[in-house]
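Data first, discussion second: the structure below is written as structure tokens.
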Amino acid sequence: MSDSNLRSATISVLVENEAGVLARVIGLFSGRGYNIDNLTVAPVEQDRSKSRITIVTSGTEMVIEQIKAQLGRLVPVYKVLDLSQGPHLARELALIKVVGAGEHRQEALRLADAFRARVIDASTESFIFELTGATDKLDAFLDLMRPLGLAEVSRTGVAAIARGKGTIE
Amino acid sequence: MDGTIMTSELMKSGAEALLRALKAQGVEVIFGYPGGAVLPIYDAIFQQNEIRHILVRHEQAAVHAAEGYARSTGKVGCVLVTSGPGATNAVTGLVDALMDSIPIVCLTGQVPTHLIGNDAFQEADTTGITRQATKHNYLVKRSEDLVRVVHEAFQVARTGRPGPVLIDLPKDILINPAPYSEPSSAAHRSYRPRTEPDPQRIAEAIALLKRSERPIVYTGGGIINAGPEASKLLTEFVRLTGFPITSTLMGLGAYPASDPQFLGMLGMHGTYESNLAMHDGDVMLNLGARFDDRVTGRLNAFSPGSKKIHADIDPASINKSVAVDVAIIGDAAAVLRALIAAWKADSAKQDKEALAKWWQQIDFWRSKNSLRYTQNQDPGSIIKPQYAIEQLYKATRGRKTFITTEVGQHQMWAAQYFKFDKPNHWMTSGGLGTMGYGLPAAMGVQVAHPDALVVDISGEASVLMNIQEMGTLAQYRLPVKIFILNNQYMGMVRQWQELLHGSRYSSSYSEALPDFVKLAESFHAVGLRAQTVDDLDRVIAEMIATDRTVIADICVDQKENVYPMIPSGAPHNEMLLGPEHKNGGDANVTDAGMALV
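Okay, structure coming up:
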């Protein structure tokens, strides 16, 4: 049997952009008891004929190999790529609403500057920050905002791509 | 198939375009049941003579019939049902076909496109409901997609690991004109199953097999799905190597059961010799089987000392539950062809001495005769179910015989005591374990093979689950023989309750059974009954000689259990043998084992 060490995997799936394709992928995960830690999907071809789904999941090596094989046999799937097997970049974007006044407000703005978050909306009692980065950077920023009046968060989920000139196709 | 249509001809209705596409795909028979949403298709069927429609009595039976048809012919089975309840009734059959990799195309009616999502009469979200119940499914929303989708559905159903494909057809799509085009030979955009094995993996496999001292070949339904050629190649390979071979429930018939190299079925109710050979072997060659939990028993004690080679057409079946040393992805026939060529080309000598020693060990296990039972032959004695199957087997030898089963004890006895020498003659619900499968499946087999002897070996509980199909058998004069091992219990449930739940027979007694002889007569069939052992051969002979549908009600020992048995959670070398053997009958099942099914 394989070892029971869990690992995280970032998997990119290139699919036919057709009705129900996302439901197939999600149904596969729920039906077989795999984890979805993060999922994004959007069309990526100029003619919108293909979509790219990025899934962050975790499991033993055997389970992750199984997830890739199960994804690969779905009829509308063109390609399954395990980005975590090589150097890759992963980013997500968050819109973060912080409500407060006085010293907290000042501190939130200073920290936002340190994290290179942009202020995209402001009122006398609130800011909305836009922050892009790896998941752990976003998590760290949110942890800092929590005592400073963090009111609402909207995150896009992860977009990921392999480094270098190789492509998914 | 990329929508690049060379010539396209506008058909008067979608229903006509659909039928033309079905004909182009070689469909000769459709099993179905009409309803509002599919009336345009039924109207088109009425106006032609090439495709025959078999009217079933319940949509679940339509799918099982198509499975029997597909499994016994190697063709794709075709099903037609209406929207809503028609589609939901078909779901059990679809999952059954999915689990056992049976190629089916199921056409479902749907409310018109403008009503979808409005909770219209007989509307159900069929593609949503069947997404996990099919290999793939489609909802046709544009007339110009209809014919392409039908052609594609057949391609997906029959290639790679076969399976059920569903096409949901809104009524307006069936009524409106639709363009027709012939099937394209172009590759599918995204779906490209691999069939040819990697030569490097074949070389690795041969290196292991040539050096093996205690080899075992373990085969499954994948050999059957790869066609009769794969069975021939399997026989050639096994004879060439001198290896022992065992088979899963789904693979029976791929290798001749009467051959001495065949050790019988393996797994929970497999023979002693096959399970111990699996446990003690040093190199295992799995061809087209999937390490099902009924085969492996306790996973961490499964064949602990062996190097494992696994060949399967489905990459997701490899390393799913059992980690293997050599993974070969490919069609079973292609893999066997490559293995035979590589075995012959390889200059390394096989260790014949070690193999002979291995066979000595296997023969010792075999001498236990784990399928032994005692039939009292005195007149008036009660019939042992195993004996009933053996006598049926003897009486049908030399005839073109197809066997289907329901699910339970009778299914296991059929697998143990009926010897299948050819593929495609054994139809059973292996993966899903669907009671009610056998009668409609036999119907489908008989439609495909009108002159053959088709026997549904069943139990009195299972057969009632689709008993309404007696009406279909009568309507089409299908001379199916229903051979009921009647022990008045859901036998397998009763067996588990006896062994694992302190003989508390909770809801497993078949209370208020019908009189099966009268039931047969009421459906224009012949009813026969064997009460005691001296009735048995006469009833079997009369059943076979009768050129009509027959129910043979065989009253068998109520308390008989299926042995050998590997209790849930136990390893292969801790089998229970029957009461004929010294250690018989005591299941030491752990709490973890109790939780398993």
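Residue numbers (my numbering), protein chains in the order written: chain P, -8 to 160; chain D, 333 to 929.
Beta carbons are placed, not taken as given, at the ideal position from N, Cα and C, and that holds for glycine.
Notebook entry, point to check: Quick one: what does DSSP say residue 902/D is sitting in, helix, strand or coil?
Noted result: Locating residue 902/D in the second sequence gives position 570, counting from the first residue. It is coil, neither helix nor strand.
Notebook entry, point to check: Can the beta-carbon of residue 845/D be found closer than 9 Å to that of residue 818/D?
Noted result: The residue labelled residue 845/D in the question sits at position 513 within the second sequence. The residue labelled residue 818/D in the question sits at position 486 within the second sequence. Going by C-beta atoms, residue 845/D is nearer than 9 Å to residue 818/D.
Next item on the list: Could you check if residue 116/P is buried or exposed, using at least 16 other CB atoms within 10 Å of its CB as the buried criterion?
Entry: As a first step, residue 116/P must be located in the first sequence, where it is residue number 125. Looking at its Cβ environment, which holds fewer than 16 other Cβ atoms inside 10 Å, residue 116/P is exposed.
Check: Given a limit of 7 Å on CB to CB distance, which residues of the segment 45 to 69 of chain P reach chain D?
Finding: 53, 56, 57, 60, 61, 63, 64, 66, 67, 68, 69
Next item on the list: Out of 69/P, 136/P, 119/P, state which residue places its alpha-carbon closest to the alpha-carbon of residue 159/P.
Entry: Indexing the first sequence from 1 puts residue 159/P at position 168. Considering only alpha carbons, the answer is 69/P.
Next item on the list: Can you check the segment 10 to 86 of chain P for any alpha helix (DSSP H) of at least 4 residues that lies completely inside it and give the ranges in chain order?
Entry: 12 to 23, 52 to 63
Next item on the list: Determine the closest residue to residue 433/D out of 386/D, 350/D, 672/D, 558/D, with distance taken between C-alpha atoms.
Entry: Here residue 433/D refers to the residue found at position 101 when the second sequence is read from its first residue. Checking every option, the nearest Cα to that of residue 433/D belongs to 558/D.
Next item on the list: Kindly indicate the opening and closing residues of the beta strand (DSSP E) around residue 860/D.
Entry: Residue 860/D sits at position 528 when you count from the first residue of the second sequence. Its beta strand (DSSP E) spans residues 858 to 862.
Check: Taking contact to mean at least 3 C-beta pairs separated by less than 8 Å, is the segment 736 to 747 of chain D in contact with the segment 792 to 805 of chain D?
Finding: yes
Margin query: What does the alpha-carbon distance come out to for the pair residue 352/D and residue 755/D?
Written below: Here residue 352/D refers to the residue found at position 20 when the second sequence is read from its first residue. Here residue 755/D refers to the residue found at position 423 when the second sequence is read from its first residue. Going by the C-alpha atoms only, they are around 31 Å apart.
Next item on the list: Would you be able to state if there are at least three C-beta pairs under 8 Å between the segment 524 to 538 of chain D and the segment 463 to 474 of chain D?
Entry: no
Next item on the list: Helix, strand or coil for residue 822/D, going by three-state DSSP, please let me know.
Entry: Locating residue 822/D in the second sequence gives position 490, where the first residue counts as 1. If DSSP states are grouped into helix, strand and coil, residue 822/D belongs with coil.
Next item on the list: Return the chain-ordered ranges of every alpha helix (DSSP H) run that is complete within the segment 572 to 642 of chain D and spans a minimum of 4 residues.
Entry: 604 to 612, 625 to 628
Notebook entry, point to check: Would residue 149/P count as contacting chain D if we go by Cβ distances under 9 Å?
Noted result: As a working note, residue 149/P is residue 158 in the first sequence. Answer no: the Cβ-Cβ gap between residue 149/P and chain D never drops below 9 Å.
Check: Is the CB-CB distance between residue 771/D and residue 783/D below 9 Å?
Finding: Translated into positions along the second sequence, residue 771/D becomes position 439. Translated into positions along the second sequence, residue 783/D becomes position 451. Against a cut-off of 9 Å, the Cβ pair of residue 783/D and residue 771/D comes out as no contact.
Check: Within 9 Å (strictly less), CB to CB, does residue 646/D reach chain P?
Finding: As a working note, residue 646/D is residue 314 in the second sequence. Yes, contact with chain P.
Check: Just reading off the alpha helix (DSSP H) that residue 765/D is part of, what are its end residues?
Finding: Counted from its first residue, the second sequence places residue 765/D at position 433. Run containing residue 765/D: none; DSSP gives neither H nor E here.
Check: If you count every other CB in all the chains shown that lies within 10 Å of the CB of residue 911/D, and 16 or more means buried, which is it?
Finding: Here residue 911/D refers to the residue found at position 579 when the second sequence is read from its first residue. So residue 911/D counts as exposed.
Next item on the list: Just list the alpha helix (DSSP H) runs in the segment 351 to 426 of chain D, keeping only unbroken ones of 4 residues or longer that don't cross its boundaries, in chain order.
Entry: 371 to 378, 391 to 405
Notebook entry, point to check: According to DSSP, what are the bridge partners of residue 908/D?
Noted result: As a first step, residue 908/D must be located in the second sequence, where it is residue number 576. For residue 908/D, which the question treats as bridged, DSSP gives the partners 897/D.
Next item on the list: Taking a Cβ distance cut-off of 9 Å, strictly less, list which residues of the segment 93 to 105 of chain P are near chain D, in chain order.
Entry: none
Notebook entry, point to check: If you compare alpha carbons, which of 686/D, 541/D, 699/D, 727/D is closest to residue 639/D?
Noted result: To locate residue 639/D, count along the second sequence from 1; it is residue 307. Per the Cα distances, 541/D.
Checklist line | Contact residues within the segment 383 to 404 of chain D, judged by C-beta distance below 7 Å to chain P | finding: none
Next item on the list: Give a yes or no on whether the C-beta atoms belonging to residue 449/D and residue 413/D are separated by under 9 Å.
Entry: Within the second sequence, the letter at position 117 stands for residue 449/D. Within the second sequence, the letter at position 81 stands for residue 413/D. No.
Margin query: Distance check for residue 523/D and residue 516/D, CA to CA, integer angstroms please.
Written below: The residue labelled residue 516/D in the question sits at position 184 within the second sequence. The residue labelled residue 523/D in the question sits at position 191 within the second sequence. Cα to Cα, the separation comes out at about 15 Å.
Item checked: Neighbour list for residue 7/P in chain D, Cβ cutoff strictly below 9 Å -> Residue numbering aside, residue 7/P sits at position 16 when the first sequence is read from its first letter. Within chain D, the residues near residue 7/P are 521, 522.
Checklist line | Touch test, the segment 105 to 121 of chain P against the segment 144 to 157 of chain P, Cβ-Cβ under 8 Å, three pairs minimum | finding: no
Next item on the list: Determine, using beta carbons only, whether residue 345/D and residue 452/D come nearer to each other than 9 Å.
Entry: Position 13 of the second sequence, counted from the first residue, corresponds to residue 345/D. Position 120 of the second sequence, counted from the first residue, corresponds to residue 452/D. Against a cut-off of 9 Å, the Cβ pair of residue 452/D and residue 345/D comes out as no contact.
Notebook entry, point to check: Got a sec: which bits of the segment 448 to 459 of chain D sit with their beta carbon under 9 Å from any beta carbon on chain P, in order along the chain?
Noted result: 459
Notebook entry, point to check: Can you name the residues of chain P whose CB is closer than 9 Å to the CB of residue 831/D?
Noted result: Counted from its first residue, the second sequence places residue 831/D at position 499. Within 9 Å Cβ-Cβ: nothing; residue 831/D doesn't reach chain P, min ~28 Å.
Next item on the list: List the residues of chain D that residue 15/P touches, going by C-beta distances under 7 Å, in chain order.
Entry: What you label residue 15/P is simply residue 24 of the first sequence in a count that begins at 1. Neighbours of residue 15/P on chain D, chain order: 463.
Next item on the list: Kindly say whether residue 557/D, judged by its beta-carbon, lies nearer than 9 Å to any beta-carbon of chain P.
Entry: Here residue 557/D is taken as the residue at index 225 of the second sequence, counted from 1. Answer no: the Cβ-Cβ gap between residue 557/D and chain P never drops below 9 Å.
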